[in-house]
Each structure stands twice: as structure tokens, then as C-alpha cells.
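End of the sequence shown = 1054 in the working numbering, gap-free, step of one. Think of the CB as a built atom: it goes at the ideal place given N, C-alpha and C, for glycine as much as any other residue. These numbers come from a predicted model, not from an experiment.
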Amino acid sequence: MSIIEQWELRARFARSLSTMYGREVPAYNTLVEVSEEVNRDVVGRDGDRAQRLGTIDRITAERHGAIRVGTPAELAQVARIFGALGMHPVGFYDLREAAKSAVPVISTAFRPVDADELARNPFRVFTSMLTPADPRFFSADLRARLEAFLAARQLFGPELLALAGRAEAEQGLPEADAERFLELAVQAFELSPEPVDRAWYAELEAVSAVAADIGGVRSTHINHLTPRVLDIDDLYRRMTERGIEMIDTIQGPPLWRGPDVLLRQTSFRALAEPRAMREADGRIDTGALRVRFGEVEARGVALTPQGRELYDQLLTEIDRRLADSTGRSRADIAVEVWEQGLPDTEAGLREQELAYFTYTVNPARPGGVPPESLSELVGQGWVTATPIVYEDFLPRSAAGIFQSNLSGEGSRDTLAEGVGYDQDWLAAAIDRDIRNPFHLYAREQADSVEAVAAHLNLTTL
Ligand code: OOG
Ligand code: NI
């Protein structure tokens, strides 16, 4: 019997989710359309250079989603569904600590981890879990009612979870089961028509709009789905020209003359969607909630821990200069700081070990005895270095993206002590390892160096 493998389940899931989300949030379709236009234009203009960080086929299909759940048990179930799709938890993000816009959640990203799996379909989901035990956000009384509410709901049915378990154990499913699994999985992330209890929602919203979105309803839903674009500045202009109001900035590194690093993202603000509301007297009204929005992103090369440290220093430096300056734009200052602080070529990033690359032996290499360092091998045409694309997220842009649907400031008690909820706690709660993104990139780079060394008979690389 033929088995639908996990990568294909993942690709199909991403496609079905995209169709469903486009039906629910038509502006998402506009974003996808404009992204495809921009990508076609960039490939037309720059050819192969445009595909240095992924083939156009990969990029056209590439999406990330965001979902939010309420409890460790729910997160463990989500992990099982994503596990079926060959997606594993990578990285830990604590959005409670964000300076400007703290949100009572901790997060990880589910994604493929092997290079060939990423090349087949890189679908990833930024997944957040509410932190009701954090007294900076929730009083003991609210926490107790919230936890009781969450314990009484069921986001994922037994049939879906059983199929997910099987798909993960058997690394795929037969066609009929695969279809059923995908149908149930997509359904689980649709917006529910069930009325929202207005008073309960409002009580949570006073703490945080994200808390209300998660704990104010008895179901979950996909919060946004993000296409990847090759020129995000161009996309921003074109969306604005179409009359879609974007957030003020593109988050992450500035547009500058050097290589794209990490991740740049932007979004439009959440749109009001009609939702049935249950009033205090039991009457059902039509209300509206601003929850879901559109986001788009451009991806660059993955940075090493040293590179990331430098990146964080540069961000701090931008903030410092911005505070000291009068009237200069953040974008201007960012470019200046970048040009002073970061090598403006891939070779520079490589030689200072600021970014990750894979290495392959050049079929048209010179003859004779190869030099014994990677940088000479690349410099003399023996070996080609290709940047490894950043597959993860950035806490600071994530905090900014959460802002896209924060209706109000919410409230956080800045005097109370935060509690627990660190990466080990999260891993134990879902009983799965949470991988360190740096290790994944470093392993990919090291494997390629080893293959080069074996091929060229170099023992010292
Ligand atoms: C997730 C926000 C983070 C990103 O791209 O950084 C995110 C959310 O709004 O649930 O998706
Ligand atoms: Ni996102």
C-alpha cells in the first residue's frame, strides 16, 4: 500500500490551511498575490542570485503560521499533530519579557529540522502557550477561573490525535487516512462560529488581548499565515499603494548594501471580523473582534552565536543613537550602525565566523594540491560557499508582530516577580526535546565541511 510520507502531509497541510485562511481572511490572498508578483519580478531581475537562499519553488510555497494554545496538555497535543507532519519544536521565546509589549505567553517554533526536509517543504508554526501562573498578569482568582475554563475545553478530538500518533509512528499514512487526518487538522484551526462570552472575553482583554484570544473562547484558530517575499521593501510599497494600511515599520535588520541576515517582517493590522457574542442576559448579538492579521517576511542568512551577539549589540546601538538624536529616522540610523558594524559581504561574514554556510566541492576546480583552509579553498575556486537560510524567529520582531492585534496596552504588574516557565519546563510539559537552532545550523555546516574534507582528502579542515 502506498504511504503518504510526512513531508507530503506537511506540504498538503500547508496548502489546505492556506486555502482555508484565504477564505476566512481575504486580505491574506492579496498579500500572497502581491508576494508572488514581487518574487517573479525579483527573479526576473536578479536570476540565480535571487535564489541563493532557497529555490523559487520553495519560496513560493513557503509559509509560516502562528497559533496560540492555553495549557501544557493542549501544547502536547499540538506537538503530536505537528510531529505527524515532521515538524519538531525548535527554540524558546519568552514574550513576557519584551520591553515594550509584554504578552503572557511562552513560545516555540515547530518546523522540519533536516536540510532535505526543509528543501521539500519548510512549513513552520510559531506556537505560543498562555502563562496563567504568572502573577504579573493574572490574579489568583482570575488564574483559577481561567484554568478551569481551559481544562473544560477540547481543541483536538480523539480521532485527529489518534491519526496524528499513527502518522508519527509510521512516518506517514495511507491515502484515505491521510486525507481524513488533514481534513480534521485543518478544521481544528478554523475560526469557530460558537458565540463568545462577551464579559469573559472583556475581562481577559483587560489583562492582554492575546490572553482573551487564547482563553476567551473554547477553540483555537490560526492567527496568521505568512508568505515569504524576496524584496520586502518593494512589497511594503505595493501593499500601501493598494490602500492596505501596514504597521509603521519593517521589523528586523534595515535595508542596506550588504547581505540579508536573519529575518525582516512586516504586517497589516488585524481586521475586524464579525463574531457572535453572548451577552450577560443570554442574548446572542453580533459583535466584532480584531484578532487576525496579515504578515509577510524576507529571510536572510543564519547568524552564528557571535553573529547574533553582534546583531543584538547593533540593535542596542541603534536605540542609543536614536534616543540621542533629534529628528533622524530610525531607518537612517540603522543603516549607519549596520555599515559601521557588520561586514558588507558574504565573504566578510564567513571569514569572521558571523554566519553559517554550507560548502561543496566545485566540479570545475583548479588542478594540483588544494590549499588547507576553507577560506583559501573558497578564494581559489576549489569550493563554493552557500549561505544557510535562517529558519527561525526573532523575539523582538515576534513581540512587534503580536502588537498587530493588541487592541489596548493590557496590564502588567511590573513589581510582581515572574515565575518559571523556562525552556526545560516547556520540554518536560510536552515530553519532547526542544532543539537549539544554533546546533542545527552548526551541524549542517559541519557536515558539509566534513564532506569537502573527505572529497579532497584533507585531514586538517
Ligand atoms: C505570533 C507572533 C510571532 C512572528 O512571525 O514573529 C510571529 C502570534 O502572533 O501568535 O508569528
Ligand atoms: Ni508570524
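Three-state secondary structure assigned by DSSP to residue i
{"i": "H1032", "result": "helix"}
{"i": "G765", "result": "strand"}
{"i": "D727", "result": "coil"}
{"i": "F950", "result": "strand"}
{"i": "Y983", "result": "coil"}
{"i": "E1109", "result": "Residue numbering for the chain in the displayed model covers 594 to 1054; residue 1109 lies beyond these limits and cannot be assessed."}
{"i": "Q945", "result": "coil"}
{"i": "Q973", "result": "coil"}
{"i": "T653", "result": "helix"}
{"i": "G993", "result": "helix"}
{"i": "R821", "result": "strand"}
{"i": "A865", "result": "strand"}
{"i": "T1053", "result": "coil"}
{"i": "L908", "result": "helix"}
{"i": "M594", "result": "coil"}
{"i": "R704", "result": "strand"}
{"i": "H681", "result": "strand"}
{"i": "R616", "result": "helix"}
{"i": "F675", "result": "helix"}
{"i": "E629", "result": "helix"}
{"i": "E787", "result": "coil"}
{"i": "G758", "result": "helix"}
{"i": "I840", "result": "coil"}
{"i": "V800", "result": "helix"}
{"i": "Q858", "result": "strand"}
{"i": "G637", "result": "helix"}
{"i": "S732", "result": "coil"}
{"i": "S721", "result": "strand"}
{"i": "L848", "result": "coil"}
Proximity to residue i [Cα-Cα], best of the options
{"i": "N632", "options": "R989, P867 and A654", "result": "A654"}
{"i": "R831", "options": "I597, L610 and L624", "result": "L624"}
{"i": "G615", "options": "E834, Q906, T819 and V635", "result": "T819"}
{"i": "Q973", "options": "G900, P963 and D985", "result": "P963"}
{"i": "M722", "options": "T979, R738 and G663", "result": "G663"}
{"i": "L545", "options": "I596, A712 and D1026", "result": "Past the edges of the chain, shown from 594 to 1054, lies residue 545, and the structure says nothing about it."}
{"i": "A1035", "options": "V635, D707, R661 and D639", "result": "D707"}
{"i": "E787", "options": "R871, A771 and D826", "result": "R871"}
{"i": "R759", "options": "A805, R704, V1042 and A677", "result": "A677"}
{"i": "F774", "options": "I649, L735, I825 and E598", "result": "E598"}
{"i": "A881", "options": "R729, E866 and G640", "result": "E866"}
{"i": "G875", "options": "D639, R791, L896 and S785", "result": "R791"}
{"i": "E944", "options": "S968, F730, E630 and P980", "result": "S968"}
{"i": "V971", "options": "I981, T879, E939 and E630", "result": "E939"}
{"i": "F749", "options": "I649, L777 and G993", "result": "L777"}
{"i": "I674", "options": "G845, E888 and Q764", "result": "Q764"}
{"i": "T701", "options": "I837, G658 and L743", "result": "G658"}
{"i": "D641", "options": "E768, T979, A1039 and N1050", "result": "T979"}
{"i": "S966", "options": "P959, T1053 and I843", "result": "T1053"}
{"i": "F782", "options": "L907, L797, V718 and V928", "result": "V718"}
{"i": "M839", "options": "M680, L823 and F861", "result": "F861"}
{"i": "G1013", "options": "S785, P728, E630 and R821", "result": "P728"}
{"i": "W931", "options": "T919, S922, L1033 and Y904", "result": "Y904"}
{"i": "H681", "options": "W600, N622 and R645", "result": "W600"}
{"i": "N1029", "options": "P619, Y686, V618 and Q644", "result": "Y686"}
{"i": "A643", "options": "R923, T897, D709 and R821", "result": "R821"}
{"i": "L1019", "options": "E798, R605 and L668", "result": "L668"}
{"i": "P936", "options": "A916, A924, S918 and L896", "result": "L896"}
Integer Cβ distance of residue i from residue j, believed to fall under 8 Å
{"i": "T953", "j": "E1037", "result": "With 8 Å as the limit, T953 and E1037 do not qualify as a contact, their Cβ atoms being about 12 Å apart."}
{"i": "Y1075", "j": "L856", "result": "Look at the range of the chain in this structure, 594 to 1054, and you will see that residue 1075 is not part of it."}
{"i": "Q899", "j": "L947", "result": "6 Å"}
{"i": "V627", "j": "L828", "result": "6 Å"}
{"i": "V789", "j": "A869", "result": "7 Å"}
{"i": "R704", "j": "P715", "result": "7 Å"}
{"i": "R661", "j": "V803", "result": "7 Å"}
{"i": "V671", "j": "T720", "result": "6 Å"}
{"i": "D806", "j": "V884", "result": "5 Å"}
{"i": "F742", "j": "G808", "result": "6 Å"}
{"i": "R651", "j": "A712", "result": "6 Å"}
Contact with chain E by residue i, beta-carbon distance below 8 Å
{"i": "R958", "result": "Looking at the structure shown, chain E is missing, and only one protein chain is on hand."}
Contact test: residue i Cβ vs the ligand COA heavy atom, cutoff 7 Å
{"i": "R736", "result": "Absence of the ligand COA is noted for the structure shown, with the ligand OOG and the ligand NI being the only ligands found."}
Exercise. Are there three or more Cβ pairs, one per stretch, closer than 8 Å when the stretch 693-707 is compared with the stretch 751-759?
Worked result: no
For this session: Mind listing which residues have their beta carbon within less than 6 Å of any non-hydrogen atom of the ligand NI? Chain order is fine.
Result: H657, A659, F719, H817, T819, E888 and I994
Exercise. Do the stretch 804-814 and the stretch 985-997 meet, that is, are 3 or more Cβ pairs less than 8 Å apart?
Worked result: no
Exercise. Are at least three pairs of beta-carbons, each pair with one atom in the stretch 835-855 and one in the stretch 877-894, less than 8 Å apart?
Worked result: yes
Exercise. Do the stretch 731-740 and the stretch 1023-1032 touch if we need at least three Cβ pairs shorter than 8 Å?
Worked result: They do not touch, by the three-pair rule.
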